[in-house]
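Working notes for the structure below.
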Amino acid sequence: MIKRWISLLLLLSIVFPIVAQTPQPEPAVLVVNYVQVPATDGRTLHGSFYSNEDSTSAVLLLHQMRKDRTSWDSAIDGLLKAGLNILAPDMRGFGVTGGEFDPQKAQADVQKWIEWLREQGINQIYIVGASIGANLGIIACAQTPECESTVAISPGSDFFGVQPASTLQGDYGSRPILFIASRGDSYSATSVFELAMKAQGDVTVQMYQGDKHGTNLFDDSPEGADALCDLIVWLYNACLFGILS
Numbered sequence: 003m004i005k006r007w008i009s010l011l012l013l014l015s016i017v018f019p020i021v022a023q024t025p026q027p028e029p030a031v032l033v034v035n036y037v038q039v040p041a042t043d044g045r046t047l048h049g050s051f052y053s054n055e056d057s058t059s060a061v062l063l064l065h066q067m068r069k070d071r072t073s074w075d076s077a078i079d080g081l082l083k084a085g086l087n088i089l090a091p092d093m094r095g096f097g098v099t100g101g102e103f104d105p106q107k108a109q110a111d112v113q114k115w116i117e118w119l120r121e122q123g124i125n126q127i128y129i130v131g132a133s134i135g136a137n138l139g140i141i142a143c144a145q146t147p148e149c150e151s152t153v154a155i156s157p158g159s160d161f162f163g164v165q166p167a168s169t170l171q172g173d174y175g176s177r178p179i180l181f182i183a184s185r186g187d188s189y190s191a192t193s194v195f196e197l198a199m200k201a202q203g204d205v206t207v208q209m210y211q212g213d214k215h216g217t218n219l220f221d222d223s224p225e226g227a228d229a230l231c232d233l234i235v236w237l238y239n240a241c242l243f244g245i246l247s
């Protein structure tokens with residue numbers, strides 16, 4: 003845990019160097035842009051876009067079932083400090099987007115959001131998904147040339163017919179992937195190791211105590227902060243190496 007906090011401090015020192023004896027400006031006001039995108043079937047998709055000026059990299063956050071974009075709120079500040087733009091949509095069936103959840107339409111919706119990011123000048127995309135959002139994220143990344151890597155939080159071998167194993171063996175290629183799960187979340191814990199065996203590129207697996215699922219891992223506790231730190235540091239490194247490669 004100490005090493006992880008050291009990593010976070012190093013991350014922040016790189017992203018936000020502090021010059022000694024130099025007066026620091028007031029913190030910037032966080033500006034959230036509310037975005038609407040038409041789906042292929044005419045439904046309006048709703049999301050929040052957090053702009054990070056001078057960056058052409060973005061992270062797309064895909065939430066789990068029975069939650070919405072606000073389930074990522076605890077991660078927003080750290081991801082901005084890592085130098086990323088952030089797009090957090092309400093998936094079909096939840097939040098302001100509403101309607102009924104449909105796994106096939108959900109996959110098409112993710113591509114609509116990726117198209118929107120392209121229109122904003124984004125040329126490097128990272129996808130972070132929780133539960134079924136993790137499954138959707140793996141598949142979407144494989145279909146997106148600009149997608150550099152994926153974080154899969156509490157994925158499943160099969161959620162509502164969305165099965166990412168064949169994608170990891172095929173079109174996902176050698177892209178890096180981070181798997182995160184709780185040991186007590188038995189289905190996702192088992193799925194993580196099954197899916198990790200299918201991946202062809204660099205694989206990182208982070209397992210935590212307890213049985214929390216998806217973004218519930220990042221609760222208001224020392225363990226939750228630790229897990230969130232791991233995610234942000236991994237993404238920062240993935241983004242940095244992607245820029246340098």
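Counting along the sequence shown from 1, when you hit position 235 you're at 237 in the working numbering, and nothing is skipped either side. Glycine included, C-beta positions come from ideal geometry on N, C-alpha and C. The structure displayed is predicted, hence computed values, not measured ones.
message = What would DSSP say about A154, mapped onto helix, strand or coil?
response = strand
message = Beta-carbon within less than 6 Å of A227's beta-carbon, same chain only, minus the 5 sequence neighbours each way: which residues are those?
response = none
Buried or exposed by the 16-neighbour rule on C-beta atoms within 10 Å, applied to M93 = buried
inquiry  = Starting from F195, trace the alpha helix (DSSP H) in both directions and tell me its first and last residue.
reply    = Note, F195: alpha helix (DSSP H), S188 to A198.
message = Relative to the C-alpha of L180, which candidate in Q113, T46, I140 and K214 has its C-alpha closest?
response = I140
Span separating the alpha-carbon of A110 from that of A41 = 8 Å
9 Å Cβ cutoff met for A183 and S223 = no
query = Between the beta-carbon of L62 and the beta-carbon of Y128, is there less than 9 Å?
reply = yes
message = Does the segment 164 to 173 come into contact with the segment 206 to 222, if we say contact requires no fewer than three beta-carbon pairs (one atom in each stretch) closer than 8 Å?
response = Flag = no, the segment 164 to 173 and the segment 206 to 222 do not touch.
key: Where A41 sits in the DSSP three-state scheme   = A41: coil per DSSP, three-state reduction.
query = What are the boundary residues of the alpha helix (DSSP H) that includes S76?
reply = D75 to K83
key: Rounded separation between G85 and I234 - CA only   = 11 Å
request  = Identify, in the order they occur along the chain, each residue of the same chain with its Cβ nearer than 6 Å to the Cβ of A191, setting aside the five sequence neighbours on each side.
outcome  = A183 and R185
message = Quick check: what's the CA-CA separation for G216 versus F96?
response = 16 Å
request  = Out of E148, P147 and T152, state which residue places its alpha-carbon closest to the alpha-carbon of L2.
outcome  = Residue 2 lies beyond the residue range present for the chain, which begins at 3 and ends at 247; the question has no answer from this structure.
inquiry  = On the CB-based measure, 16 or more other CB atoms within 10 Å of its CB, does G135 come out buried or exposed?
reply    = G135 should be labelled buried.
task = Report all residues from its chain with a CB closer than 6 Å to the CB of W236; omit the five preceding and five following residues, and keep chain order.
result = Correct list, in chain order: L180.
message = Within 10 Å of its beta-carbon, does Q38 have 16 or more other beta-carbons around it, so buried, or fewer, so exposed?
response = Burial is judged here by how many other beta carbons sit within 10 angstroms of a residue's own beta carbon; Q38 has fewer than 16 and is exposed.
query = Is Q211 buried or exposed, if buried means 16 or more other CB atoms sit within 10 Å of its CB?
reply = exposed
request  = Work out the CA separation of N218 and P29 for me, nearest whole Å.
outcome  = Note that P29 has pLDDT 44, beneath the 50 cutoff, so the model's placement of it is unreliable and the number below is only indicative. Spanning the two alpha carbons is a distance of roughly 28 Å.
task = Report the three-state DSSP secondary structure of T24 (helix, strand or coil).
result = With a pLDDT of only 41 at T24, under the threshold of 50, the placement of this residue in the model should not be trusted, and no figure is reported.
ask   = If you draw a straight line from the alpha carbon of L64 to that of V34, how long is it in whole angstroms?
value = 17 Å
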